[in-house]
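Numbering (our numbering), first residue to last: 214 to 498.
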């Protein structure tokens with residue numbers, strides 16, 4: 214297991230310009246991380262391609278790896294032309310991933326207001342065809358692409374599995390986020406157990422959970438069925454994190470684990486404590 218941090222964990226520092234992405238990489242190395250996951254929020258690799266080489270070189274100089282490149286995408290479009298353009302754009306992002314030297318890349322797949330299972334079943338083959346084309350493009354670089362359980366529509370563990378099987382490519386898997394299942398009102402322990410065998414990458418994130426009848430107010434967001442979530446420091450929230458980490462470890466997963474912090478606390482504190490918590494739990498279980 215190689216433990217590191219998603220650059221998104223320090224997005225507050227990136228947006229305030231306290232750090233740039235090269236500073237984020239150095240911070241991760243200085244705080245015990247073994248890899249950085251690149252999420253281009255707070256910086257832009259398409260508009261600033263010079264950063265691609267700079268990130269790869271900075272990580273090497275700092276003694277850590279670049280593990281994964283994670284981008285947004287949406288193959289639900291109004292026209293066929295837009296659909297094809299989105300596929301082409303994501304394939305260009307695969308080229309960026311290759312420039313970063315990564316062998317893993319996550320792209321989102323779809324977002325809809327209508328998140329029903331009926332709509333998902335209607336969309337599945339079109340989504341799978343797009344993911345298949347991107348995965349085939351990535352294969353030339355030895356890159357495994359993946360869908361994250363993210364964004365409500367393709368978030369539940371069964372829907373992620375359905376898409377993986379429909380794509381039917383050995384280099385298309387899932388970036389498994391242990392916390393995001395809660396957005397679809399799934400128990401993280403159960404969902405991680407179901408999907409860990411499909412994981413090419415693991416995100417460790419924690420949430421506080423409150424029922425729909427007890428709205429805590431500002432700072433919280435709703436799950437698919439109206440419960441309330443707020444980002445937490447890993448180990449401080451309501452996920453049984455010890456059990457989750459135990460499932461991941463016992464599965465034989467030995468790849469990259471990325472801590473994602475998106476709580477209200479200081480991002481440096483939240484990220485550092487999250488790294489410490491995952492390391493401790495991994496060693497203890």
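Here a beta-carbon is modelled for each residue, glycine too, at the ideal position from N, C-alpha and C. All of these numbers come straight from a predicted model, not from anything done at the bench.
For the pair residue 359 and residue 377, the Cα-to-Cα distance works out to about 9 angstroms.
Under the criterion of beta carbons closer than 8 angstroms, residue 280 and residue 469 qualify as touching, at roughly 4 angstroms. Between residue 446 and the set 455, 384, 412 and 490, the nearest pair of CA atoms involves 490. Separation of the CB atoms of residue 362 and residue 393 is rounded to 5 angstroms, and the pair is thereby assigned contact status at 8 angstroms.
Residue 462 has no beta-bridge partner at all, per DSSP. Separation of the CB atoms of residue 285 and residue 250 is rounded to 14 angstroms, and the pair is thereby denied contact status at 8 angstroms. Residue 217 is bridged by DSSP to 471.
A direct Cα-Cα distance of roughly 17 angstroms separates residue 246 from residue 233.
Annotated as proximal: residue 311 and residue 354, with beta-carbon spacing under 7 angstroms. Secondary structure of residue 413 (DSSP, three-state): strand. A contact between stretches requires three or more CB pairs, one per stretch, nearer than 8 angstroms, and the stretch 308-322 fails this requirement with the stretch 433-442. Burial state of residue 331 is exposed, judged by a 10 Å Cβ sphere holding fewer than 16 other Cβ atoms.
Where residue 486 is concerned, there is no enclosing beta strand (DSSP E), although the alpha helix (DSSP H) around it starts and stops at 480-497. Judged by beta-carbon spacing, residue 421 lies within the 7 angstroms limit of residue 451, meaning their Cβ atoms are closer than that value.
Secondary structure note for residue 445: its beta strand (DSSP E) is the uninterrupted segment 441-445. Here the alpha carbon of residue 483 sits roughly 6 angstroms from the alpha carbon of residue 474. If you draw a straight line from the Cα of residue 402 to the Cα of residue 412, it is about 15 angstroms long. For residue 268, the three-state secondary structure derived from DSSP is helix. In the three-state DSSP reduction, residue 283 falls in the strand class (E or B). Its chain contains 333 as the residues whose beta carbon lies nearer than 7 angstroms to that of residue 372, once the 5 sequence neighbours on both sides are disregarded; these appear in chain order. When the Cα atoms are used, residue 343 and residue 301 turn out to be separated by approximately 10 angstroms.
Residue 348 is classed as buried because its beta carbon has at least 16 other beta carbons within 10 Å across all chains shown. Across the set 407, 390, 238 and 297, the C-alpha of 407 shows the shortest separation from the C-alpha of residue 375.
Assignment of beta-bridge partners to residue 435 by DSSP yields 441.
Minimum Cα-Cα distance from residue 432 among the listed residues 476, 271, 462 and 389 corresponds to 476.
In the structure shown, the three-state DSSP call for residue 477 is coil.
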